[in-house]
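Each protein sequence line maps, in turn, to chains A and B.
To convert a position in the first sequence, counted from 1, into the numbering used here, add 605.
To convert a position in the second sequence, counted from 1, into the numbering used here, add 20.
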Amino acid sequence: MAPPQVTDMVGRLHGHSLPAPAAKTIPITAPAKPAAYAIEMENLEVFYGKQRAVHGVNLRVRRNEVTAFIGPSGCGKTTILRCLNRMNDLIPHCQVRGSIKIHGADVYSRRTDVMELRKRTGMVFQKANPFPRSIFENVAYPLRIHGVRGKHVLAAKVEQALRAAGLWEEVKDRLHVSGAALSGGQQQRLCIARALAADPDVLLMDEPCSALDPIATKGIEALINQLCQTITIVIVTHNMHQAVRVAHQTAFFYMGSLIESGPTDKIFNTPDHPQTLAYVTGQFG
Amino acid sequence: MMGGPEAMNSTAPVQSAGHFGTGNRQNIRRRMLDTATAGAAWGAVLLTLGILLTIFVVLVHGSWMGLTQIGWRFFTSQAWNPVPGKDHYGVLAFLYGTGVTTFIALLAGVPLSIGTAVFIVRIAPCWMAGPVSFLVELLAAIPSVAYGLWGCFVMSPWLQNHVEPMIYASLHPIRLIPVGQYPSGQKAYFPSNLVRGGPSGTDFLAGGLILTIMILPIITAITRDVLAQFPAEIEHGAYGLGATWWQTTRLALDYGRVGICGAILLGMGRAIGETMAVIMVIGNTDRISASLFAGGQTMAGVLANEFMEADHPLYLSAMFYVALVLMVSALVTNLAARGLLSRIRGNLTRA
Chain A
606 MAPPQVTDMV GRLHGHSLPA PAAKTIPITA PAKPAAYAIE MENLEVFYGK QRAVHGVNLR
666 VRRNEVTAFI GPSGCGKTTI LRCLNRMNDL IPHCQVRGSI KIHGADVYSR RTDVMELRKR
726 TGMVFQKANP FPRSIFENVA YPLRIHGVRG KHVLAAKVEQ ALRAAGLWEE VKDRLHVSGA
786 ALSGGQQQRL CIARALAADP DVLLMDEPCS ALDPIATKGI EALINQLCQT ITIVIVTHNM
846 HQAVRVAHQT AFFYMGSLIE SGPTDKIFNT PDHPQTLAYV TGQFG
Chain B
21 MMGGPEAMNS TAPVQSAGHF GTGNRQNIRR RMLDTATAGA AWGAVLLTLG ILLTIFVVLV
81 HGSWMGLTQI GWRFFTSQAW NPVPGKDHYG VLAFLYGTGV TTFIALLAGV PLSIGTAVFI
141 VRIAPCWMAG PVSFLVELLA AIPSVAYGLW GCFVMSPWLQ NHVEPMIYAS LHPIRLIPVG
201 QYPSGQKAYF PSNLVRGGPS GTDFLAGGLI LTIMILPIIT AITRDVLAQF PAEIEHGAYG
261 LGATWWQTTR LALDYGRVGI CGAILLGMGR AIGETMAVIM VIGNTDRISA SLFAGGQTMA
321 GVLANEFMEA DHPLYLSAMF YVALVLMVSA LVTNLAARGL LSRIRGNLTR A
């Protein structure tokens, strides 16, 4: 499974940074997947106290694709990401208006079970945050808190999640050592495995590679390419090259507004908006 | 120091060009001040260490007669009979008193303290966390004897008239497990034996409860600091997986478990050594009884009660022996606590 993934990634990388082989990569960037949307935001506004951080965003995220949120610091991309699984509930005075639907279900409805929402909407953070427990217990944590019991069930699910995160071969002999003993890239893949163990439909990644070296980053990106075959991924990134390498769709935010969104190669090569062009060509940000 | 500037003026021209003069009297004086103050600091430190060593040596020396004449029997006997000629000394009753009161204090104090710390760190809004924290720490500022007075005149009567009758009524009829015989030949049952004798107000329960209040501040303060160090990334990681508030709090308690154990041990150290408040409510009898409503005595208590009466050498030596046992148990507890707490500090600096 692994080699074609890498070629995919490299192929797509070249496709976007060099004009010539672009035509060859189009089938990869626009695969034949059902054109349903996993996430639909309508007129989304976020306030911190009286300050408006996000201005009326309308955006739809395609199912089983990778969507990158790009934009300069403070543009609201992380805020929006954290609205999707209601992590912003934890911030006092944070108020969300408008609507977000994930697979048709209203996230901010009064009847939403936030614990269930977060279980089905996995999140990977900027800094790898393994719990102070063993590798096994890290991955088993979401299962345990959601009431999964039984040694064999847990062991099977943990193995499945670690395999999905591409970490199984590296850790299968030391499942009972502390998660903190792994390297940075392995820790981040452990956190991905932990999110996958809860069997989410959507994976939210908040700059997952910003603290990693290039080789570990490559590993995570290959993993993203593989995972998007079965789940929808939204990735916030500061690194435009990363967006080009991993994302099918890209959304560009500036000063709390969605400036432009569309297929990644369009955003990076022929954007409609001059601000997008200025950002992707490195004139600011 | 008044003559400072003139001294400098008069000596400055004396310095010859080409080297840094050694004859500057002002500098000599400054150097002497260095030597003197550093010497004084050394002296202070040696004196302090000397006092510590002296106390230990004096305790061992003072208890030498007891150590040689009573030896290990000290720990197996519960009789404490200081009548000259037929005197007999055993620390067991006091060891038991210290153990039981400390146990009660921890049993009641640990959940209270940890609950308070969880409230301060993870529930209370900012405007409340500070004052609550401050008030709990204020408990540590109340003098021991004030606790004793309150315990003696307020808590004990309240226990005797309201709390203990209730406990007595509910536990006395329950005879689950036979646990031997009383000296009278009557059979003893658990948990009925815990309330034998009926409400008294001055008993192990009162001693344990007064200690509970006294160890609250230290356990709460340290647990609060440990919980405050729970990293936000891990907290968000747990919430992000759909953990509830309590599940995340459990993770925080788990994360800080070493520090919390250290806090509990420090509280235990305080409970072991606490004297005044306990002797004012515990009843002061040298008996071992399973009953929470029986009077007892602690090691610290017997020293405070009888130090004036130790009028013959073996009695005095037995008192020193008690002090030695008390000091060693407090020392071991405190060292263990310090070990645990320094371990988490090490973890924190590495992270």
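Note that CB positions come from ideal geometry on N, CA and C, so glycine has one too.
I242 of chain B lies in the alpha helix (DSSP H); which residues open and close that run? Secondary structure note for I242 of chain B: its alpha helix (DSSP H) is the uninterrupted segment 224-248.
Closer than 8 Å, Cβ to Cβ, to anything on chain A: give me those residues from the stretch 256-274 of chain B, in chain order. H256, G257, A258, Y259, G260, L261, G262, A263, T264, Q267, L271, D274
From which residue to which residue does the beta strand (DSSP E) around M728 of chain A run? It spans 726-729 - the beta strand (DSSP E) in which M728 of chain A sits, taken as one unbroken run.
Going by the CB atoms, is the gap between M234 of chain B and T122 of chain B shorter than 8 Å? Note that the C-beta distance between T122 of chain B and M234 of chain B is not below 8 Å.
Just tell me which of B:L334, B:L323, B:E329 has its CA closest to the CA of V342 of chain B. B:L323
According to DSSP, is A324 of chain B helix, strand or coil? helix
Pick from A:A785, A:K777, A:M728, A:V719 that is closest to R738 of chain A, judged by C-alpha positions: A:A785
Whose CA, out of A:K777, A:Q731, A:R779, A:I864, lies closest to the CA of N844 of chain A? A:Q731
Using three-state DSSP, classify L787 of chain A as helix, strand or coil. coil
Candidates B:T305, B:L285, B:V174, of which the one nearest R358 of chain B by Cα: B:L285
Nonlocal neighbours in the same chain, by C-beta distance under 6 Å from G86 of chain B, ignoring five residues either side: S337, A338, Y341
Of all Cβ atoms in chain B, is any one closer than 8 Å to the Cβ of V647 of chain A? With the sequence shown as reference, residue 647 of chain A is identified as Glu, and Val is not the correct amino acid for it. Chain B, which has no Cβ nearer than 8 Å to the Cβ of E647 of chain A, makes this no.
Quick check on R45 of chain B: buried or exposed, where buried means 16 or more other Cβ atoms within 10 Å of its Cβ? exposed
Euclidean distance between Cα positions of D223 of chain B and L689 of chain A: Straight-line measurement puts the Cα of L689 of chain A at about 59 Å from the Cα of D223 of chain B.
One or two residues paired with A856 of chain A in a DSSP bridge: Per DSSP, A:F674, A:S866.
Any 3 or more C-beta pairs closer than 8 Å across the stretch 290-303 of chain B and the stretch 167-184 of chain B: yes
Considering only residues of the same chain and omitting the five flanking positions on each side of G861 of chain A, which have a CB-CB separation below 6 Å? Beyond the five residues adjoining it in sequence on each side, G861 of chain A comes within less than 6 Å, by CB distance, of A658, V659, H660, G681 in the same chain, given in chain order.
Neighbourhood of S220 of chain B by C-beta distance below 6 Å, restricted to the same chain and skipping five residues each side: F313
If we count the other Cβ atoms within 10 Å of its Cβ and call it buried at 16 or more, is K756 of chain A buried or exposed? exposed
Straight-line CA distance for R691 of chain A to L355 of chain B? 46 Å
Could you tell me how far apart the beta carbons of A803 of chain A and L261 of chain B are, in whole angstroms, since I believe they sit closer than 8 Å? Rounded, the Cβ-Cβ distance is 6 Å, consistent with contact.
Can you list the beta strand (DSSP E) stretches of 3 or more residues lying completely in the stretch 798-837 of chain A, in chain order? Within the stretch 798-837 of chain A, the complete beta strand (DSSP E) runs of at least 3 residues are 807-811.
Close-in-space but distant-in-sequence residues of the same chain around L828 of chain A (CB under 8 Å, 5 per side omitted): Correct list, in chain order: A770, G771, R794, I797.
Assuming I750 of chain A is part of the alpha helix (DSSP H), what are its boundary residues? 740-750
If you follow the beta strand (DSSP E) that K207 of chain B is part of, which residue opens it and which one closes it? Unbroken beta strand (DSSP E) run through K207 of chain B: 207-211.
Could you work out which residue in B:A283, B:T269, B:R216, B:I194 is closest to I238 of chain B when comparing CA atoms only? B:A283
From the DSSP output, which residues share a beta bridge with Y653 of chain A? A:Q656, A:C699
Measuring CB to CB, does A241 of chain B end up less than 8 Å from E326 of chain B? no
Just curious, the beta strand (DSSP E) that I197 of chain B is in, first and last residue? 195-201
Nearest to M347 of chain B by CA position, among B:A161, B:L115, B:A226, B:F173, is which residue? The residue with the shortest Cα to Cα distance from M347 of chain B is B:L115.
Among residues of its own chain, excluding the 5 on either side of R725 of chain A, which ones have a beta-carbon nearer than 6 Å to its beta-carbon? P805, D806
Classification of M646 of chain A by the beta-carbon crowding that lies within 10 angstroms, buried from 16 upward: buried
Checking contacts by CB at 8 Å: is M692 of chain A closer than that to chain B? yes
Please state the DSSP three-state secondary structure of S153 of chain B. Assignment of S153 of chain B by DSSP, reduced to helix, strand and coil, places it in the helix class.
Simplified DSSP state of M300 of chain B, which is helix, strand or coil: coil
Kindly indicate which residue of A:F741, A:V651, A:N743, A:R667 has the alpha-carbon position closest to the one of H698 of chain A. Selected option, being the one with the closest Cα: A:V651.
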